[in-house]
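Numbering (our numbering), first residue to last: 108 to 402. Report on the structure given below.
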Amino acid sequence: MYSPIALFVYNRPDHFKRTIDSLIINDLALKSDLIIFSDGAKDITDEKSVQKVREIIKEIQGFKSVKSEQSDINKGLAKSIIYGVTNTVKKFGRIIVLEDDMIVSPYFLNFMNEALDIYEREENVISIHGYIYPVKKQLPETFFLRGADCWGWATWKRGWDFFEEDSNFLIEQIDKSKLQKEFDLGGSVKNYRMLKNQREGKIDSWAIRWHASAFIKNKLTLYPGKSLVKNIGTDGLGTHLGSTNVYDTFISEGKVNLKKIPLEVNKLNEQIISEYFRSIKFKSRVSGLKKRLGI
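Below is the structure:
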């Protein structure tokens with residue numbers, strides 16, 4: 108069984124077209140059901156671009172089937188993804204998730220489906236991820252990190268069942284177990300602050316709640332050593348991510364050699380990721396200083 112692909116779209120027809128074009132050249136596209144969740148326009152200014160996206164949907168070929176669910180109202184990305192993933196895994200038992208700003212490798216679907224098969228019965232593994240940060244040091248072919256991630260991922264119903272919408276509950280569990288430092292990867296990221304911002308209504312993120320849900324249960328996500336996904340939504344046109352190039356990465360041109368590995372976080376790999384996050388924080392501080400000084 109090949110996993111269905113759930114693709115979440117809004118108002119960026121050019122980004123969406125590039126995502127579809129990259130998916131179509133995957134060998135398994137013709138064997139995969141594509142389900143597109145199209146969110147409704149926030150206001151009149153977005154109506155034309157939302158309609159352009161929906162016109163593209165009508166023309167898509169190259170998959171086993173193409174279905175779309177088009178909302179009359181604007182749910183927002185978080186509610187859209189929670190709704191779409193929940194309903195899809197109920198029906199199919201597994202899912203591959205993409206958004207409309209992600210270009211994928213020709214081997215993306217192979218990696219996702221093979222990994223879903225290999226780790227299907229491993230309760231400690233909650234998801235599979237296709238993107239990896241542009242770190243300078245070499246990573247192994249595949250490895251595990253604690254928690255979950257959001258740029259080209261896959262899971263099973265048993266994994267998504269751990270998703271907790273209530274950020275209050277998640278914060279309570281992190282505080283109770285004194286996991287703040289670990290959750291922030293030794294202080295290199297600000298996940299805990301993001302989760303608090305979610306609770307306070309300052310952001311609306313399904314992803315931080317997905318990560319926290321997996322993290323408090325000590326679940327693992329499998330990553331490739333070389334990225335199979337490139338996020339093209341960091342150009343400032345997206346709703347949730349501003350303009351930045353710190354996440355830019357090359358898409359791997361080779362197939363991932365998948366084999367079962369020990370179900371544990373390799374501390375060396377974790378440290379490499381932590382160092383990457385510290386480096387982009389440093390770049391951000393330097394960039395901010397230059398702007399203030401007019402350099």
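We put the CB at the ideal spot given by N, CA and C, even for glycine. This one's a predicted model, so the numbers in the text were calculated from it and none came from an experiment.
Residue i in three-state terms, based on DSSP
i: residue 215; result: helix
i: residue 155; result: helix
i: residue 382; result: helix
i: residue 239; result: coil
i: residue 208; result: coil
i: residue 353; result: coil
i: residue 199; result: helix
i: residue 130; result: helix
Rounded separation between residue i and residue j - CA only
i: residue 190; j: residue 197; result: 11 angstroms
i: residue 172; j: residue 141; result: 6 angstroms
i: residue 120; j: residue 163; result: 7 angstroms
i: residue 383; j: residue 261; result: 24 angstroms
i: residue 353; j: residue 126; result: 20 angstroms
i: residue 387; j: residue 293; result: 15 angstroms
i: residue 350; j: residue 205; result: Note that residue 350 has pLDDT 48, beneath the 50 cutoff, so the model's placement of it is unreliable and the number below is only indicative. If I take the Cα positions, the gap works out to 20 angstroms.
i: residue 246; j: residue 148; result: 41 angstroms
7 angstroms CB neighbourhood of residue i in its chain, flanking five on each side removed
i: residue 280; result: 323
i: residue 355; result: 241
i: residue 122; result: 207, 208, 339, 340
i: residue 309; result: none
i: residue 187; result: 115, 144, 146
Residue i and residue j closer than 8 angstroms at C-beta
i: residue 202; j: residue 113; result: yes
i: residue 209; j: residue 254; result: no
i: residue 129; j: residue 111; result: no
Rounded Cβ spacing between residue i and residue j (contact assumed at less than 8 angstroms)
i: residue 212; j: residue 359; result: 6 angstroms
i: residue 239; j: residue 334; result: 5 angstroms
i: residue 185; j: residue 313; result: 4 angstroms
i: residue 249; j: residue 368; result: 6 angstroms
Own chain, CB closer than 8 angstroms to residue i, minus 5 neighbours either side, in chain order
i: residue 252; result: 327, 328, 330, 372, 376, 377, 380
i: residue 229; result: 370
Sequence-distant residues of its chain with Cβ nearer than 6 angstroms to residue i (five each side left out)
i: residue 117; result: 146
i: residue 169; result: 131, 136
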